[in-house]
Amino acid sequence: MSSVIIVGAQWGDEGKGKITDLLARDADMVVRYQGGNNAGHTVVVGSDTFKLHLIPSGILYADKQCIIGNGVVIDPEVLLAELDSLRARGISVDNLRISERAHVIMPYHRVLDQLEEASREAKIGTTGRGIGPCYVDKVARTGIRIGELVEPELLKSRLQEILPAKNRLLRGVYQHEGFALEHILNTCLPLAERLKPLVGDTTALVNQAVAQGAKIIFEGAQGTLLDIDHGTYPFVTSSSASSGGAAIGAGVPVTKLNNVLGVAKAYCTRVGEGPFPTELKDALGERIRERGREFGTTTGRPRRCGWLDAVALKYSTEVNGLTGLALTLLDVLDGFETVKICVGYKYKGKVLERMPAQAHVLGECIPVYRELPGWPEGSTRQASCFDDLPVQAQDYIKFIEDFTGVPIVLVSVGPARNQTFQRAPIL
Ligand code: IMP
Numbered sequence: 024m025s026s027v028i029i030v031g032a033q034w035g036d037e038g039k040g041k042i043t044d045l046l047a048r049d050a051d052m053v054v055r056y057q058g059g060n061n062a063g064h065t066v067v068v069g070s071d072t073f074k075l076h077l078i079p080s081g082i083l084y085a086d087k088q089c090i091i092g093n094g095v096v097i098d099p100e101v102l103l104a105e106l107d108s109l110r111a112r113g114i115s116v117d118n119l120r121i122s123e124r125a126h127v128i129m130p131y132h133r134v135l136d137q138l139e140e141a142s143r144e145a146k147i148g149t150t151g152r153g154i155g156p157c158y159v160d161k162v163a164r165t166g167i168r169i170g171e172l173v174e175p176e177l178l179k180s181r182l183q184e185i186l187p188a189k190n191r192l193l194r195g196v197y198q199h200e201g202f203a204l205e206h207i208l209n210t211c212l213p214l215a216e217r218l219k220p221l222v223g224d225t226t227a228l229v230n231q232a233v234a235q236g237a238k239i240i241f242e243g244a245q246g247t248l249l250d251i252d253h254g255t256y257p258f259v260t261s262s263s264a265s266s267g268g269a270a271i272g273a274g275v276p277v278t279k280l281n282n283v284l285g286v287a288k289a290y291c292t293r294v295g296e297g298p299f300p301t302e303l304k305d306a307l308g309e310r311i312r313e314r315g316r317e318f319g320t321t322t323g324r325p326r327r328c329g330w331l332d333a334v335a336l337k338y339s340t341e342v343n344g345l346t347g348l349a350l351t352l353l354d355v356l357d358g359f360e361t362v363k364i365c366v367g368y369k370y371k372g373k374v375l376e377r378m379p380a381q382a383h384v385l386g387e388c389i390p391v392y393r394e395l396p397g398w399p400e401g402s403t404r405q406a407s408c409f410d411d412l413p414v415q416a417q418d419y420i421k422f423i424e425d426f427t428g429v430p431i432v433l434v435s436v437g438p439a440r441n442q443t444f445q446r447a448p449i450l
């Protein structure tokens with residue numbers, strides 16, 4: 024078997040959807056392994072743009088088996104809307120299967136996410152989609168799994184067990200009116216009935232595919248620096264967005280996983296709160312935002328923009344065991360006189376070469392930059408191989424490879440499928 028885990032190497036929004044879509048051409052199966060509809064994956068096919076939140080990007084090929092794994096949290100309403108919109112555009116969703124072990128984002132999770140965020144003094148800037156509260160319930164063993172959602176009697180008895188405590192929290196702490204059991208059942212059961220034919224034991228499907236030597240893509244969401252363990256805690260999402268999450272979130276043994284492709288932008292962005300040493304709060308940042316169309320796919324929020332943080336990228340390389348990097352949005356740096364890369368952090372008079380674990384320390388770090396010549400006259404947009412790039416862009420790529428010790432095996436220079444070139448086999 025040949026597999027590749029596609030993982031965000033920064034703070035999410037690196038263009039993983041596009042890369043997954045490209046590699047899916049050669050794959051048999053695409054498995055999404057964590058996160059929920061906090062993610063937004065944009066894929067451009069010809070003149071069509073698809074914005075996917077839960078369904079793996081492989082769905083755009085009719086013959087690929089697509090799996091939503093156990094590690095994903097699913098808002099049934101959002102998933103059905105996504106299915107309907109794909110069907111309406113002539114895309115078959117017959118090859119999609121959903122893990123019965125995946126957890127369900129319930130109406131009270133969405134409400135709690137928003138109420139908790141509003142009451143937080145130090146905001147995280149969550150997407151408000153109920154992701155955190157759903158994962159909290161999973162770990163607290165008070166969650167509802169898709170396999171229970173689609174069994175009306177089971178759902179009712181689980182809710183009878185869980186709902187009183189949720190209502191005590193909602194009413195007692197947040198003065199919210201709470202949720203009536205009947206209301207939740209009336210909302211959820213029709214949705215569950217529509218999802219039921221797609222629900223099954225995806226762990227078996229994935230492991231069968233592994234045994235048959237299938238080519239499998241494990242598609243991550245968000246990014247390593249938003250990982251619940253390895254990210255800039257507490258300014259993180261609530262799932263394992265790094266490569267280790269693939270084994271857990273798809274139910275495949277670690278011994279069966281080999282390649283890990285980290286997707287990184289040629290610069291950095293971050294949505295929501297949290298430390299971001301290379302952030303540019305000036306006209307340069309604005310220029311990157313405009314050129315990169317850096318507005319969230321899910322929430323529409325303007326993304327914070329800054330120079331590439333190679334220290335963070337090196338950390339990401341280590342945590343994920345990256346075997347290759349895909350560098351995206353290189354074209355956004357076209358036209359700059361010089362480009363900067365963060366190669367260290369200045370903290371209290373010392374230079375740190377590693378990314379610190381504590382968010383407050385990272386928040387006080389001043390980037391140490393290496394300034395490289397840009398390519399003010401050149402354009403990367405038409406490049407179909409490395410040698411087509413302006414020489415300064417080639418040097419930029421080589422610098423990142425040398426610094427991180429990981430080869431850049433794929434380069435993306437625009438949103439279209441053909442604005443990408445691969446430098447080495449991936450799958
Ligand atoms: P949550 O995942 O909605 O709980 O949000 C937690 C943090 O992760 C916030 O800062 C969000 O902006 C960020 N986040 C969640 N999903 C994504 C994503 O897909 N791309 C970028 N940032 C994300």
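Numbering of the sequence shown is given in my numbering, commencing with residue 24 and proceeding in unit increments.
In this text, a Cβ means the ideal position worked out from N, Cα and C, and glycines have one as well.
Next item on the list: Compute the minimum distance between the beta carbon of aspartate 252 and the heavy atoms of the ligand IMP, and state whether it is under 6 Å.
Entry: As a working mapping, residue 252 is identified with position 229 in the sequence shown. Not so, every heavy atom of the ligand IMP lies at least 6 Å from the Cβ.
Notebook entry, point to check: In chain order, which continuous runs of the beta strand (DSSP E) of length 3 or greater are located wholly inside the segment 112–186?
Noted result: 119–122
Item checked: Anticipated Cβ contact below 8 Å, glutamate 123 with aspartate 51, distance rounded -> Along the sequence shown, read from residue 1 onward, the residue named residue 123 stands at position 100. Along the sequence shown, read from residue 1 onward, the residue named residue 51 stands at position 28. Contact doesn't hold; Cβ gap of about 22 Å is too wide.
Notebook entry, point to check: What span of residues does the beta strand (DSSP E) with phenylalanine 444 cover, start to end?
Noted result: The sequence position of residue 444 within the sequence shown is 421, counting from 1. Note, phenylalanine 444: beta strand (DSSP E), 443–445.
Margin query: Suppose only complete runs of 3+ residues qualify. What are the beta strand (DSSP E) ranges in the segment 233–271, listed by chain order?
Written below: 238–242
Item checked: Euclidean distance between Cα positions of arginine 393 and leucine 331 -> Position 370 of the sequence shown holds residue 393. Position 308 of the sequence shown holds residue 331. For arginine 393 and leucine 331, the distance between alpha carbons rounds to 10 Å.
Margin query: Three Cβ pairs or more, each shorter than 8 Å: is that satisfied between the segment 374–385 and the segment 345–353?
Written below: no
Check: Is leucine 249 near the ligand IMP, going by C-beta to nearest heavy atom under 6 Å?
Finding: On the sequence shown, position 226 is the one that residue 249 refers to. With a cutoff of 6 Å, leucine 249 counts as near the ligand IMP, since its C-beta is closer than that to a heavy atom of the ligand.
Next item on the list: Using only alpha-carbon positions, find the residue among Ile154, Glu242, Arg181, Cys211 that is nearest to glycine 38.
Entry: For this step, residue 38 is matched to residue 15 along the sequence shown. Distances from the CA of glycine 38 to each of Ile154, Glu242, Arg181, Cys211 were compared; the closest alpha carbon is that of Glu242.
Note to self: According to DSSP, is proline 220 part of a helix, a strand, or is it coil?
What the structure shows: Locating residue 220 in the sequence shown gives position 197, counting from the first residue. Reduced to three states, the DSSP call for proline 220 is helix.
Next item on the list: Could you tell me which of Asp107, Thr150, Val116 sits nearest to glycine 323, measuring between CA atoms?
Entry: Taking the sequence shown and counting its residues from 1, the one referred to as residue 323 is at position 300. Of all alpha-carbon atoms in Asp107, Thr150, Val116, the one lying nearest the alpha-carbon of glycine 323 is that of Thr150.
Check: Can you tell me whether DSSP reads proline 390 as helix, strand or coil?
Finding: Position 367 of the sequence shown, counted from the first residue, corresponds to residue 390. Here proline 390 sits in strand by DSSP.
Check: Nearest CA to the CA of alanine 232: which residue from Gly31, Lys87, Ser435, Val66?
Finding: Position 209 of the sequence shown, counted from the first residue, corresponds to residue 232. Checking every option, the nearest Cα to that of alanine 232 belongs to Lys87.
Next item on the list: Can you tell me which of Ala125, Leu45, Ile389 puts its alpha carbon nearest to the alpha carbon of valine 434?
Entry: Within the sequence shown, residue 434 is the residue found at index 411, counting from 1. For valine 434, the nearest C-alpha among the options comes from Leu45.
Next item on the list: Check whether the segment 141–148 touches the segment 243–252, taking contact to mean three or more Cβ pairs, one atom from each stretch, closer than 8 Å.
Entry: no
Check: What is the C-beta distance between glutamine 33 and serine 339, in whole angstroms, given that I count them as a contact (C-beta under 8 Å)?
Finding: Indexing the sequence shown from 1 puts residue 33 at position 10. Indexing the sequence shown from 1 puts residue 339 at position 316. Right, their Cβ atoms sit about 7 Å apart.
Notebook entry, point to check: Just to check, is the beta-carbon of glutamine 245 closer than 6 Å to a non-hydrogen atom of the ligand IMP?
Noted result: Against the sequence shown, residue 245 aligns to sequence position 222. Indeed, a heavy atom of the ligand IMP lies less than 6 Å from the Cβ.
Notebook entry, point to check: In terms of alpha-carbon separation, which member of Pro187, Phe359, Ile389 lies closest to proline 300?
Noted result: Within the sequence shown, residue 300 is the residue found at index 277, counting from 1. Ranking the options by Cα distance to proline 300, first place goes to Ile389.
Item checked: Sequence ranges, alpha helix (DSSP H) only - wholly within the segment 403–445, length at least 4 -> Runs of the alpha helix (DSSP H) lying entirely within the segment 403–445 and spanning at least 4 residues, in chain order: 414–427.
Item checked: Neighbourhood of glycine 254 by C-beta, 6 Å cutoff - its chain only, sequence neighbours within 5 removed -> One-based indexing of the sequence shown puts residue 254 at position 231. Leu248.
Note to self: Mapping the DSSP letters down to three states, classify asparagine 282 as helix, strand or coil.
What the structure shows: Against the sequence shown, residue 282 aligns to sequence position 259. Note: asparagine 282 maps to strand in three-state DSSP.
Next item on the list: Please name the residue in Gly35, Val432, Glu387, Lys373 whose C-alpha comes closest to that of glutamine 57.
Entry: Within the sequence shown, residue 57 is the residue found at index 34, counting from 1. Residue Gly35 is the option with its Cα nearest to glutamine 57.
Margin query: Assuming contact is defined by CB atoms lying nearer than 7 Å, are isoleucine 121 and isoleucine 91 in contact in what I supplied?
Written below: Residue numbering aside, residue 121 sits at position 98 when the sequence shown is read from its first letter. Residue numbering aside, residue 91 sits at position 68 when the sequence shown is read from its first letter. Contact: yes.
Next item on the list: Using a threshold of 7 Å, state whether the C-beta atoms of aspartate 107 and isoleucine 128 are closer than that.
Entry: If you number the sequence shown from 1, residue 107 lands on position 84. If you number the sequence shown from 1, residue 128 lands on position 105. Not a contact, by the Cβ cut-off of 7 Å.
Check: Under 7 Å between the Cβ atoms of glycine 308 and cysteine 291?
Finding: One-based indexing of the sequence shown puts residue 308 at position 285. One-based indexing of the sequence shown puts residue 291 at position 268. Not closer than 7 Å, so no.
Notebook entry, point to check: What are the boundary residues of the beta strand (DSSP E) that includes tyrosine 368?
Noted result: Position 345 of the sequence shown, counted from the first residue, corresponds to residue 368. That run of the beta strand (DSSP E) goes 361–370.
Next item on the list: May I have the straight-line CA-CA distance separating glutamate 387 from alanine 47, to the nearest angstrom?
Entry: Residue numbering aside, residue 387 sits at position 364 when the sequence shown is read from its first letter. Residue numbering aside, residue 47 sits at position 24 when the sequence shown is read from its first letter. About 41 Å.
Item checked: Three CB pairs or more closer than 8 Å across the segment 405–417 and the segment 435–444 -> yes
Next item on the list: May I ask you to check if the CB of asparagine 61 is nearer than 6 Å to at least one heavy atom of the ligand IMP?
Entry: On the sequence shown, position 38 is the one that residue 61 refers to. Correct: asparagine 61 has its Cβ closer than 6 Å to the ligand IMP.
Checklist line | Reference glutamine 417; option with closest CA among Asp354, Tyr158, Glu302 | finding: Start at 1 with the first residue of the sequence shown, and residue 417 comes out as number 394. Measuring from the Cα of glutamine 417, the nearest candidate turns out to be Asp354.
Check: Going straight from the alpha carbon of arginine 314 to that of alanine 289, what length do you get?
Finding: Here residue 314 refers to the residue found at position 291 when the sequence shown is read from its first residue. Here residue 289 refers to the residue found at position 266 when the sequence shown is read from its first residue. Computed Cα separation, rounded: 13 Å.
Next item on the list: Leaving out five residues on either side along the sequence, give the residues of the same chain with a beta carbon under 7 Å from the beta carbon of lysine 369.
Entry: For the purposes of this step, residue 369 is taken as residue 346 along the sequence shown, with counting starting at 1. Taken in chain order, the residues that qualify are Cys388, Ile389, Val391.
Notebook entry, point to check: Taking 7 Å as the CB-CB limit, is proline 300 close to chain D?
Noted result: The chain inventory of the structure shown lacks chain D, comprising one protein chain alone.
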